[in-house]
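All remarks here apply to the structure that follows.
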Amino acid sequence: MDQQHHGKTDLSIELAKRIKGEIISCDSMQIYQDMQIGTAKPTVTEMQGIKHYLIDILPPNQRFSVSEYKIRAEEAIKEILQKGKKPIVVGGTGLYMDSLIKGIQYPDITIDEKYREELELLAEKKGLSLLYQKACAIDKEAMKTISPNDKKRIIRVLEIWKQTGKTKTELEIESRKQEIPYQYKMFGITMPREILYEKINQRVEKMVKLGLQEEVENLLVKYKEFPTAMQSLGYKETRAYLRGELNREEWIEMIKRETRRYAKRQLTWFRRNKEIIWLDGLKTKQENTNLILEEIGE
RNA sequence: GGCGCUAUAGCCAAGUGGUAAGGCACGAGUCUGCAAAACUCUGAUCCCCGGUUCAAAUCCGGGUGGCGCCU
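Numbered per the working numbering, the first sequence spans residues 24 to 321.
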């Protein structure tokens, strides 16, 4: 299941009740503690007693990544199955979702932050094109799809080479060797773009009313570093607002706009996955739950 | 009513005689360890009418709209 702002929370809980399921969140930001409002986390009440995994598992001052997600999600899947229940993976982080459905095996390496910083500095001082050329020399194949402006991915090619002695291309081939051990069905929720965007706007207004500003203020007091958490939509904009870089109107507008753009990117991501069965987000959760039950043969 | 300024893509905006910079948004897309991130692609003949000129978004006249000032 995927997509935000579509009522996926409601639907997933309804489904869990019907099939004796438990929910595994697939959301790169809901893993963080102390970030409730801006990530639109389901509340305890909303959860209705259905157990949720991978929500609030880390403080925002810690780094997180797909490989870690993959490990933890798989543990959760096992645990749920052992109880004789059904795992329901719910969320809109496409990369994380793919780690599961493509069964990607991430080799056990930790990120060398020093080297990464070194490369970033080098890119700044001597220009990214230098790194780009290096990367091309190492892994011509991978560089075919990486833009000369794509700093993150260029650096990643170099990191992999330094840490494993293998190219990104080689590593990816190895990572795909195992078949995934589960049967699954994938569902997505859509609705007309205008309605989706309108819902997003309303949701942002609601977040502001619920105290997004205060939540971010508290966050900034409690933690000093945010290796990944401050990338979160709504949070980085609120921080800018608190710093006086945006006025109130600009602040709210920007969160709305960025959220709309995010929703569009999610759509692009999931649209290319042909195994997704699309549900109409304008239908009721009962109707959609019934459709899902039919599809999975319950 | 008079005077001045202005009118370029959805928005902001460069360009003052030789056939339209850039930014943002929209739309489309990429995606294997930061992914709610990062990156890629995509649009106009320049308010209207007339004139000058080999050639006008660019000069001149008129019209219309906007902004400012004056009585």
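No residue lacks a Cβ here, since even glycine has one placed at the ideal position from N, Cα and C.
When C-alpha distances from P82 are compared across E260, L256, L242, L314, the shortest belongs to L242. Counting of Cβ neighbours within 10 angstroms places I275 among the buried residues, the total reaching 16 or more.
Between I73 and E98 a beta carbon distance of about 18 Å is seen, past the 8 Å cut, so the two are scored as non-contacting. Comparing alpha-carbon positions, the option among L34, E141, T282 lying closest to V227 turns out to be T282.
Going by beta carbons, Q289 and G115 fall inside the 9 Å limit. DSSP, reduced to helix, strand and coil, places S48 within a strand of the structure shown. G211: not part of any alpha helix (DSSP H); member of the beta strand (DSSP E) spanning 209-213, first to last residue.
For K93, the enclosing alpha helix (DSSP H) stretches over residues 89-105.
Taking 4 residues as the shortest admissible run, the region 160-213 contains the following complete alpha helix (DSSP H) segments, listed from N- to C-terminal end: 163-166, 174-187, 191-198. The three-state secondary structure of K109, taken from DSSP, is strand. Only exposed fits S170, as fewer than 16 other CB atoms lie within 10 angstroms of its CB.
Taking D57 as reference, the option from R95, I161, S152, E238 with the minimal CA-CA separation is E238. Looking only at Y138, R295, E91, the smallest Cα-Cα distance to I80 is reached by E91. Counting along the chain, the unbroken beta strand (DSSP E) around I300 starts and ends at 299-303. Residue state for Y76 is assigned as strand, using DSSP reduced to three classes.
With distances taken between CA atoms, A39 lies nearest to E69 out of R295, W301, M52, E69. Remark: C-beta atoms of Y119 and D50 approach each other more closely than 9 Å. The region 120-127 makes contact with the region 198-210: 3 or more CB pairs, one atom from each, lie closer than 8 Å. The beta carbons of G30 and G304 sit closer together than 9 Å. Using a 10 angstroms sphere on the CB of T62, the tally of other CB atoms reaches 16 or more, which defines it as buried. For R139, the uninterrupted alpha helix (DSSP H) run begins and ends at 136-149, by DSSP. In the DSSP assignment, K287 falls within the alpha helix (DSSP H) that extends over 271-294. In the displayed model, L123 falls within a helix according to three-state DSSP. Judged by their CB atoms, Y76 and I103 are nearer to each other than the 9 Å cut-off. Beta-bridge analysis with DSSP links L81 to Y55. Contact fails between the region 252-272 and the region 176-191, because fewer than three Cβ pairs, one in each stretch, are under 8 Å apart.
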